[in-house]
Amino acid sequence: MLGCYSWTTIPPLLNTTSNTLFLTFQTDMSVSGAGFHLEYTGLDSCPEPQTPSNGMKVGDRYFVGDVVSFHCEQGYTLKGSAYITCMPGPVRRWNYPAILCMPSSLTLCMAFTFRYLIVKMYCISPPIVYDPGIHLQFLNFSTEAVHDYLEVRSGTLDSGSVIDRFSGPVVPESFFSTTHETSFFFHSDYSQNKLGFHITYEAYELQRCPDPRPFRNGVVIGSDFGVGMTISFQCLPGYTLLGEASLTCLHGISRNWNHPVPRCEALCGGNITAHNGTIYSPGHPADYPNLKDCIWSIRVPPGNGIHINFTVLNTEPIYDYITIWDGPDQTSPQIGQFSGSSPQEAVSSTSNHILLKFHSDFSTSGFFLLRYHGEQNLAQFCFFFHDSVNIHTFNPNCGMKFH
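With this note's numbering applied, the sequence shown covers 6 to 408.
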């Protein structure tokens with residue numbers, strides 16, 4: 006019953022909770038009155054509530070008093086009231102606003118257009134997931150340098166690799182994530198607050214693996230970087246390949262090579278058996294580091310000596326130097342010690358095995374480039390002929406012998 010009314014007081018406006026209304030009027034045997042006058046108007050239902058993303062709605066009646074409930078999918082948390090009721094009144098409305106289903110791990114960061122709060126925050130975005138890759142563009146960016154930063158990761162926060170970390174007042178360049186999933190981690194400390202950041206993203210089709218060029222100090226063999234294709238890498242003379250020599254573009258939702266792209270580096274020392282080659286100072290083309298002792302053992306086929314050209318020599322005089330021995334170790338005869346930036350004449354060994362050592366001290370750096378090749382060493386051969394009496398040996402290095 007909505008109410009019972011009598012005497013001369015005008016009742017308030019009434020709204021029913023159903024589409025049917027029943028009225029009863031009763032009089033007794035005594036006093037009569039002027040009676041009453043009623044007007045009624047049918048009311049619409051409440052607007053259909055929107056089903057939340059990553060959730061579901063239960064209930065399909067939206068009249069006054071009807072209740073609709075909401076549930077979120079696994080991994081999402083309901084933000085708002087799980088139950089809403091269609092309210093009576095001249096205007097049909099629900100008693101609570103629309104709800105949201107948010108990722109369970111999400112902490113909202115309201116810092117896109119307003120200054121973020123001066124509190125310590127760790128804001129984790131749900132991963133942006135698209136079957137292709139993702140293009141990210143920064144519309145604005147302003148955080149406290151160093152202490153407040155945004156970290157972008159390729160993949161999930163737990164297992165994804167860090168693409169980059171951004172901090173300070175400079176708006177970062179747009180960039181591409183080459184996986185189908187990208188995550189964000191924002192951190193702020195207790196001190197300054199800034200305007201924050203605003204990022205837009207757009208999915209793009211991943212058709213090729215990332216181009217490994219330019220490949221420093223080496224060459225890439227193959228130019229098709231599509232799925233299933235294999236490319237290989239070679240270093241320029243004097244450099245050593247670190248990593249896999251061949252890579253294959255993987256299938257799947259992420260366009261990546263099956264191994265990290267290798268690199269070519271000038272190493273500090275090594276064992277060399279090629280008939281000819283190049284030796285760079287460690288770290289070339291950058292200057293060599295301080296406090297280094299690098300040893301190269303160079304061996305060519307027997308019957309050959311080793312000829313060395315000082316193509317470039319630019320070391321700290323006296324304190325940074327190259328020593329060469331005519332043999333496999335430092336007890337062998339020393340060919341010479343070389344330092345500074347003055348042109349050096351080529352040197353040769355008498356054996357097929359030399360030892361080369363470079364030493365740098367704690368101060369000035371530089372660089373060098375040596376080229377060597379094996380050459381037939383006549384000093385290692387003796388030529389014989391015989392007459393009717395003796396066998397003769399003719400070679401100044403062998404001496405004259407009679408047998």
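Backbone N, C-alpha and C define an ideal beta-carbon position, used for all residues, glycine too. Small disclaimer: the values here were computed from a predicted structure and weren't measured.
Quick one: residues in its chain with C-beta nearer than 8 Å to the C-beta of residue i, no 5 flanking neighbours on either side, listed in chain order?
i    : result
I226 : I236, S237, F238, Q239
P338 : W330, D331, G332
G151 : Reading the sequence as shown, one finds Val at residue 151 and not Gly. S172, G173.
K84  : I104, L105, C106, M107
L141 : V157, S179, F180, F181, S182, T187, I204, T205, Y206
G379 : H280, N281, V305, P306, N309, G310, I311, H312, N357
M6   : none
T245 : C269, E270, A271, L272, G275
I369 : The identity of residue 369 in the sequence shown is Thr, whereas the question assumes Ile. E321, Y324, D325.
Checking contacts by CB at 8 Å: is residue i closer than that to chain B?
i    : result
P267 : Structure shown: chain B not included; a single protein chain is present.
With residue i as the anchor, note down where its beta strand (DSSP E) starts and where it stops.
i    : result
N276 : 275-277
C214 : Taken as a continuous stretch (DSSP letters only), C214 belongs to no beta strand (DSSP E), as it is neither H nor E.
R221 : Where R221 is concerned, there is no enclosing beta strand (DSSP E), given that its DSSP letter is neither H nor E.
H76  : 72-77
D298 : 298-304
E156 : 154-159
W262 : Where W262 is concerned, there is no enclosing beta strand (DSSP E), given that its DSSP letter is neither H nor E.
I104 : Looking at the DSSP string, I104 is not in any beta strand (DSSP E), and its letter there is neither H nor E.
V175 : Counting along the chain, V175 falls outside any beta strand (DSSP E), and DSSP gives it neither H nor E.
V232 : V232 -> no beta strand (DSSP E), and no H or E assigned at all.
F181 : 180-182
W12  : From DSSP, W12 is part of no beta strand (DSSP E); its letter is neither H nor E.
H358 : 358-364
H192 : 186-193
S251 : 251-253
M92  : 88-92
S370 : Segment: none, S370 is in no beta strand (DSSP E) and carries neither H nor E.
G282 : 281-285
S344 : 339-344
Y326 : 326-330
Taking buried to mean at least 16 other C-beta atoms within 10 Å of its own C-beta, is residue i buried or exposed?
i    : result
W12  : exposed
Y377 : buried
L113 : Confidence at L113 is low in this model, with a pLDDT of 38, below 50, so its placement is unreliable and no value can be given for it.
F343 : buried
R260 : buried
S147 : buried
V36  : exposed
G8   : exposed
Y324 : exposed
D33  : exposed
I15  : exposed
L421 : This structure does not reach residue 421, given that the chain is present from 6 up to 408, and the question cannot be answered.
H358 : buried
Y10  : exposed
Y326 : buried
F30  : exposed
L361 : buried
Y127 : For Y127, the predicted structure reports a pLDDT of 48, less than 50, and the residue's modelled location is therefore unreliable. A value from the coordinates is still provided. The residue in question, Y127, is exposed, as its Cβ has fewer than 16 Cβ neighbours within 10 Å.
M115 : Note that M115 has pLDDT 36, beneath the 50 cutoff, so the model's placement of it is unreliable and no number is given.
N382 : buried
Identify every residue that forms a DSSP beta bridge with residue i.
i    : result
E380 : G310
N145 : H203
M61  : H76
V352 : I313
L83  : C106
E270 : T245
A208 : I139
V151 : For V151, which the question treats as bridged, DSSP gives no partner whatsoever.
C240 : G223
N319 : F372
V167 : R158
Return the chain-ordered list of same chain residues with a C-beta closer than 6 Å to the C-beta of residue i, the five sequence neighbours on each side being excluded.
i    : result
F171 : L155, P177
N295 : S365, F367
R213 : F230, G231
Y169 : Strictly speaking, residue 169 in this sequence is Asp, with Tyr absent from that position. Hits under 6 Å: V157.
For residue i, I'd like the list of residues in its chain whose CB is within less than 7 Å of its CB, leaving aside the five on either flank, ordered along the chain.
i    : result
T278 : R304
N319 : S346, G371, F372, F373
V352 : I313, I329, I340, G341
T56  : K62
Measuring only from the beta carbon, is residue i closer than 7 Å to any heavy atom that is part of the ligand GDP?
i    : result
I359 : Among the components modelled here there is no ligand, and therefore nothing to report on the ligand GDP.
Closer than 8 Å is the cut-off here; do at least three beta carbon pairs connect the stretch 290-305 with the stretch 266-277?
yes
Between the stretch 62-74 and the stretch 83-92, do at least 3 Cβ pairs fall closer than 8 Å?
yes
If you pair each beta-carbon of the stretch 305-319 with each one of the stretch 339-348, do three or more pairs fall below 8 Å?
yes
Check whether the stretch 246-266 and the stretch 278-289 are in contact - that is, three or more C-beta pairs closer than 8 Å.
no
Evaluate the contact criterion for the stretch 184-203 versus the stretch 158-170: three or more CB pairs, one atom per stretch, below 8 Å.
yes
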